[in-house]
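Worksheet for the structure shown next.
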Amino acid sequence: MSTRPACRNCQTPVLALTAAVTGGVCLRCAGKWRHSTKHSALLADQSAWSDASKRSRAYEPGATLHYFDEFYWCKRCNAPCVFTAVQQKHAYEVEKRYLFQTRKHCDSCHALMKGASPGT
Ligand SMILES: [Zn+2]
Ligand SMILES: [Zn+2]
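Here my numbering is used: the first residue of the sequence shown is 139, the next is one more, and so on.
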């Protein structure tokens with residue numbers, strides 16, 4: 139008996155290959171997400187990046203770069219999450235995080251792992 143994975147968003151069966159590429163959603167939901175990210179562009183201030191980020195390939199002095207909302211699944215609890223453009227700007231320009239250091243956990247799992255909150 140072969141079980142086809144279901145879209146994590148709308149529960150329609152999806153091909154395993156598709157699920158592997160999209161992170162577990164059908165192409166329709168993935169497309170919707172991609173589309174919604176287009177409206178979230180936030181201008182990046184590259185001069186505020188950390189030195190490590192400036193040494194990365196993404197750094198192009200004089201270029202106009204934008205942050206976009208990024209969708210991902212929490213590695214720990216599998217919750218759907220968004221790393222918003224605003225959060226990215228704060229992470230890379232204020233916290234000076236490395237540019238390719240993306241989020242892998244939702245806020246609550248992140249807090250749990252940091253020990254900042256004992257959880258419920
Ligand atoms: Zn779907
Ligand atoms: Zn989580």
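Backbone N, C-alpha and C define an ideal beta-carbon position, used for all residues, glycine too.
Where the beta strand (DSSP E) containing Cys219 begins and where it ends = It spans 218-221 - the beta strand (DSSP E) in which Cys219 sits, taken as one unbroken run.
Under a three-way DSSP split, which group does His231 fall into?
-> Correcting the residue type first, residue 231 is Glu in the shown sequence and not His. In this structure, Glu231 counts as helix in the three-state DSSP scheme.
Compute the distance between the beta-carbons of Leu237 and Tyr210, then report whether it is under 9 Å.
-> Taking 9 Å as the cut-off, the beta carbon of Leu237 is found no closer than this to the beta carbon of Tyr210.
Any contact of the region 240-248 with the region 215-226, i.e. 3+ C-beta pairs under 8 Å?
-> The region 240-248, when compared against the region 215-226, does touch it at the 8 Å Cβ threshold.
Which of helix, strand or coil DSSP assigns to Glu211 = The amino acid occupying residue 211 in the given sequence is Trp; Glu does not appear at that position. In the structure shown, the three-state DSSP call for Trp211 is strand.
Check whether the Cβ of Val152 lies closer than 8 Å to any heavy atom of ligand 1, and answer yes or no.
-> Within the cutoff, so yes.
Exposed unless 16 or more other CB atoms sit within 10 angstroms - verdict on Gln149 | So Gln149 counts as exposed.
For His204, does the three-state DSSP call read helix, strand or coil?
-> Note: His204 maps to strand in three-state DSSP.
Where does Leu153 fall in DSSP's three states?
-> The DSSP-derived three-state label of Leu153 is coil.
By a C-beta neighbour count over all protein chains shown, 10 Å radius and 16 as the cutoff for buried, is Val152 buried or exposed?
-> Buried, since its Cβ has 16 or more Cβ neighbours within 10 Å.
Can you give me the Cβ contacts of Ala168 inside the same chain, cut-off strictly under 7 Å, excluding the 5 residues immediately before and after it?
-> Excluding residues within five positions, the ones whose Cβ falls inside 7 Å are Thr160.
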